[in-house]
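Participant:
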Amino acid sequence: MSQVLVAGVDTSTQSCKVRITNAETGALVRFGQAKHPDGSTVNPEYWWKAFQEASEQAGGLDDVQAIAVGGQQHGMVLLDERGNVIRDAMLWNDTSSAPQAQALIYELGLAPALPDSNEPEGDTKDIIMIRGRQRWVQAVGSSPVASYTLTKVKWVAEHEPQLASKIAAICLPHDWLSWRIAGFGPVAEGEDAHLDALFTDRSDASGTSYFDAATDTYRRDLLALALGSDGAAHPTDEALAQAERIILPTVLTAHEAAPVKADPAIAGANVEGGCIIAPGGGDNAMASLGLGMKVGDVSVSLGTSGVAAAISETPVYDLTGSVSGFADCTGHFLPLACTINGSRILDAGRAALDVDYDELTDLALSSKPGACGITLVPYFDGERTPNRPDACATLTGMTLQNTKRVNIARAFVEGLLCSQRDCIEIIRSLGAPITRILLIGGGAKSQAVRKLSPSIFGMDVTLPVTDEYVAIGAARQAAWVLSGEDEAPQWDVALSGTETGRPQPAVYEAYVKARG
1 MSQVLVAGVD
11 TSTQSCKVRI
21 TNAETGALVR
31 FGQAKHPDGS
41 TVNPEYWWKA
51 FQEASEQAGG
61 LDDVQAIAVG
71 GQQHGMVLLD
81 ERGNVIRDAM
91 LWNDTSSAPQ
101 AQALIYELGL
111 APALPDSNEP
121 EGDTKDIIMI
131 RGRQRWVQAV
141 GSSPVASYTL
151 TKVKWVAEHE
161 PQLASKIAAI
171 CLPHDWLSWR
181 IAGFGPVAEG
191 EDAHLDALFT
201 DRSDASGTSY
211 FDAATDTYRR
221 DLLALALGSD
231 GAAHPTDEAL
241 AQAERIILPT
251 VLTAHEAAPV
261 KADPAIAGAN
271 VEGGCIIAPG
281 GGDNAMASLG
291 LGMKVGDVSV
301 SLGTSGVAAA
311 ISETPVYDLT
321 GSVSGFADCT
331 GHFLPLACTI
341 NGSRILDAGR
351 AALDVDYDEL
361 TDLALSSKPG
371 ACGITLVPYF
381 DGERTPNRPD
391 ACATLTGMTL
401 QNTKRVNIAR
411 AFVEGLLCSQ
421 RDCIEIIRSL
431 GAPITRILLI
441 GGGAKSQAVR
451 KLSPSIFGMD
461 VTLPVTDEYV
471 AIGAARQAAW
481 VLSGEDEAPQ
491 WDVALSGTET
501 GRPQPAVYEA
511 YVKARG
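Residue numbering for the sequence shown is 1 to 516, as defined by the UniProt record's numbering.
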């Protein structure tokens, strides 16, 4: 009997990956990858070309029975009434909308504190901003930052009003690619572009700042605020009307099939009944699905940035705005805290000591816990968690006795791990249970990071093998939708081991004191 195949697609910032997978076991069958162009603004047509190339490398999708797309979050794709992309997509890493993020927070904070609320009273700018952040978190789970979609909509409305007036639909990278897989795209004048066929999922929608994952509803009033306001949190009549007209993707439940199937010319040509399209999702949520994470799990991903993401049964509201209250891909929630400085901290240590990664590991493991009193606060590029955009990194506690290469190397590794411990503790303080930590990402390849992580985190650390977890998560979702079952299929996650070690609370305590 031939195996049932599903496809998981990862349309990331850097590339498109297509993983064709055995639906029953999760085993890899075929794989393809194609590069995306660099930059923080990209014509989405490049994503489509990369998907086609990656699919061809993977041997085609004719025998695939279901497909799902996981993708980079927050990117803004604007379509006109004929399905044309109005302008290059502004990606998550386009920070030009930072002033718009601040303006949105300020506007929502302008109204006086409500009676019997915990909102701060006053009309200074700092108080207004605090109040605004709290109101955004209560409205949609997160406070706007330049990464989020809504801030980019406001930027276009202010800087390119002639383009903003043409917006017929707003979607995200994974939404757009799923829509194209269904066979839709630009049409001639007078034809139906089927913009109402756009669909998404809770996880990706929750990163827009105009979707409330707790109630699964779009906040069109907040979208209107970005399209045009009087500067005092009151959308203009024109903006309100446009926000109601704009088509936003239908939000599907965790294992609900899209109302349309894949175009047979793209996928499922040899499958009776065609290829089902699953909801897809944001990259962090898809990775958690690929890792098989459950309530109580938290993943710590050490890439260019550091990301701690937990699975919670209930929404998490961080009124400071440090933790993003996203949704996951299973019907739960994905509180997420991000540091700007991730594995690059190790790069900085390697450069400072003029060593390679193995030598940095050997030096760090030759020192003692706490680096004999030296502490690194690793805010090389400022920091997001905690919110210190203008901060610099500092080495403290250096004396003539302890200023040695081994201690400095140890301080760099401990500084990286302590910054991630900050993220874990913030998520824990908001009520999310944490019973297991999974360490992933490029920085997790460091033996020093692996071996020291249990002592800094205060608990054992599970080490999944390096793999394409976004694509695996997408394939798992596709298999889930295909099965029609209430629960996702149980696929084995390969582990390279579990690190254990005696907790060293004094190291983190010294770090907390040093960072202030």
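Even glycine gets a Cβ: it sits at the ideal position worked out from N, Cα and C.
Would you say residue 19 and residue 472 are within 8 Å of each other, going by their C-beta atoms?
Facilitator: Position 19 of the sequence shown holds residue 19. Position 472 of the sequence shown holds residue 472. Yes, the pair counts as a contact, with Cβ atoms nearer than the cut-off.
Participant: For the beta strand (DSSP E) that residue 71 lies in, which residues bound it at each end?
Facilitator: Taking the first residue of the sequence shown as 1, we reach residue 71 at position 71. That run of the beta strand (DSSP E) goes 64-71.
Participant: Give the secondary structure of residue 138 by DSSP, where H, G and I count as helix, E and B as strand, and everything else as coil.
Facilitator: As a first step, residue 138 is located in the sequence shown; it is residue number 138 there, counting from the start. Helix.
Participant: Across the segment 282-293 and the segment 378-386, are there enough close Cβ pairs to call them in contact, namely three or more that are closer than 8 Å?
Facilitator: The segment 282-293, when compared against the segment 378-386, does not touch it at the 8 Å Cβ threshold.
Participant: Buried or exposed for residue 494, going by 16 or more other Cβ atoms inside 10 Å?
Facilitator: Position 494 of the sequence shown, counted from the start, is the residue given in the question as residue 494. When all chains shown are included, residue 494 counts as exposed.
Participant: Can the beta-carbon of residue 409 be found closer than 8 Å to that of residue 353?
Facilitator: Here residue 409 is taken as the residue at index 409 of the sequence shown, counted from 1. Here residue 353 is taken as the residue at index 353 of the sequence shown, counted from 1. Yes, they are a contact pair.
Participant: Between residue 476 and residue 26, which are expected to be in contact by the criterion C-beta below 8 Å, what is the C-beta distance as a whole number of angstroms?
Facilitator: The count along the sequence shown starts at 1 and reaches residue 476 at position 476. The count along the sequence shown starts at 1 and reaches residue 26 at position 26. Sure, about 7 Å apart at Cβ, within 8 Å.
Participant: Taking only the alpha-carbon atoms, compute the straight-line gap between residue 507 and residue 104 and give it to the nearest angstrom.
Facilitator: Taking the first residue of the sequence shown as 1, we reach residue 507 at position 507. Taking the first residue of the sequence shown as 1, we reach residue 104 at position 104. When rounded, the distance between both Cα atoms is 39 Å.
Participant: Going by the CB atoms, is the gap between residue 367 and residue 303 shorter than 8 Å?
Facilitator: Position 303 of the sequence shown, counting from 1, holds the residue named residue 303. Position 367 of the sequence shown, counting from 1, holds the residue named residue 367. Going by C-beta atoms, residue 303 is not nearer than 8 Å to residue 367.
Participant: Give me the residue from 14, 70, 58 with the minimum Cα distance to residue 470.
Facilitator: Residue numbering aside, residue 470 sits at position 470 when the sequence shown is read from its first letter. It is 70 whose Cα lies nearest to the Cα of residue 470.
Participant: Between the Cα of residue 15 and the Cα atoms of 99, 422, 33, which residue gives the shortest distance?
Facilitator: Here residue 15 refers to the residue found at position 15 when the sequence shown is read from its first residue. When only C-alpha atoms are compared, the closest one is 33.
Participant: By DSSP, does residue 99 sit in helix, in strand, or in coil?
Facilitator: On the sequence shown, residue 99 is found 99 positions in, with the first residue counted as 1. Here residue 99 sits in helix by DSSP.
Participant: List, from N- to C-terminal side, the alpha helix (DSSP H) runs of 4 residues or more that fit wholly inside the UniProt domain "Carbohydrate kinase FGGY N-terminal" (145-290).
Facilitator: Fully enclosed alpha helix (DSSP H) runs of 4 or longer: 149-159, 161-164, 173-181, 202-205, 220-227, 237-245, 283-290.
Participant: Do the segment 132-152 and the segment 315-326 make contact, defined as three or more Cβ pairs closer than 8 Å?
Facilitator: Result yes; three or more Cβ-Cβ pairs closer than 8 Å.
Participant: Candidates 431, 388, 461: which alpha carbon is nearest residue 516's?
Facilitator: On the sequence shown, residue 516 is found 516 positions in, with the first residue counted as 1. Among 431, 388, 461, the Cα nearest to that of residue 516 belongs to 388.
Participant: Taking the alpha carbon of residue 440 as the point to measure from, which residue in 492, 55, 331, 498 has its own alpha carbon closest?
Facilitator: What you label residue 440 is simply residue 440 of the sequence shown in a count that begins at 1. The shortest C-alpha separation from residue 440 is found at 498.
Participant: Decide if residue 190 is buried, meaning its Cβ has at least 16 other Cβ atoms within 10 Å, or exposed.
Facilitator: As a first step, residue 190 must be located in the sequence shown, where it is residue number 190. The residue is exposed, with fewer than 16 neighbouring Cβ atoms inside 10 Å.
Participant: Taking its Cβ as the centre, do 16 or more other Cβ atoms sit within 10 Å of residue 294, making it buried, or is it exposed?
Facilitator: Locating residue 294 in the sequence shown gives position 294, where the first residue counts as 1. Answer is exposed; the Cβ neighbour count stays below 16.
Participant: Applying the 10 Å Cβ sphere with the 16-neighbour rule, what's the burial state of residue 358?
Facilitator: The sequence position of residue 358 within the sequence shown is 358, counting from 1. Its Cβ having fewer than 16 others within 10 Å, residue 358 is exposed.
Participant: Helix, strand or coil for residue 314? Go by DSSP, reduced to three states.
Facilitator: Residue numbering aside, residue 314 sits at position 314 when the sequence shown is read from its first letter. Coil at residue 314, not helix or strand.
Participant: Using 8 Å as the threshold, is the C-beta distance between residue 289 and residue 338 below it?
Facilitator: Position 289 of the sequence shown, counted from the first residue, corresponds to residue 289. Position 338 of the sequence shown, counted from the first residue, corresponds to residue 338. Contact flag unset, no.
Participant: Taking the alpha helix (DSSP H) that residue 418 falls in, what are its first and last residues?
Facilitator: Residue mapping note: residue 418 aligns to position 418 of the sequence shown, counting from 1. 405-429 is the extent of the alpha helix (DSSP H) around residue 418.
Participant: Just the Cα atoms here: how many angstroms apart are residue 220 and residue 442?
Facilitator: Here residue 220 is taken as the residue at index 220 of the sequence shown, counted from 1. Here residue 442 is taken as the residue at index 442 of the sequence shown, counted from 1. Looking at the two C-alpha atoms, the distance is approximately 39 Å.
Participant: Could you tell me whether the segment 37-47 touches the segment 55-70, where touching means 3 or more Cβ pairs closer than 8 Å?
Facilitator: Too few Cβ pairs lie closer than 8 Å, so no.
Participant: Using the three-state DSSP reduction, which class does residue 59 fall into: helix, strand or coil?
Facilitator: Walking along the sequence shown from the start, residue 59 turns up at place 59. It is coil, neither helix nor strand.
Participant: In the DSSP assignment, find the alpha helix (DSSP H) that holds residue 476 and state where it starts and stops.
Facilitator: For the purposes of this step, residue 476 is identified with residue 476 of the sequence shown, where counting begins at 1. Element bounds for residue 476: 469-483.
Participant: Could you name the residues that DSSP lists as bridge partners for residue 11?
Facilitator: Indexing the sequence shown from 1 puts residue 11 at position 11. Partner(s): 16, 71.
Participant: Select from 485, 175, 50, 128 the residue whose C-alpha is nearest the C-alpha of residue 75.
Facilitator: One-based indexing of the sequence shown puts residue 75 at position 75. Nearest C-alpha to residue 75: 175.
Participant: Cβ atoms of residue 251 and residue 200: under 8 Å apart, would you say?
Facilitator: Looking up residue 200 in the sequence shown gives position 200. Looking up residue 251 in the sequence shown gives position 251. Yes.
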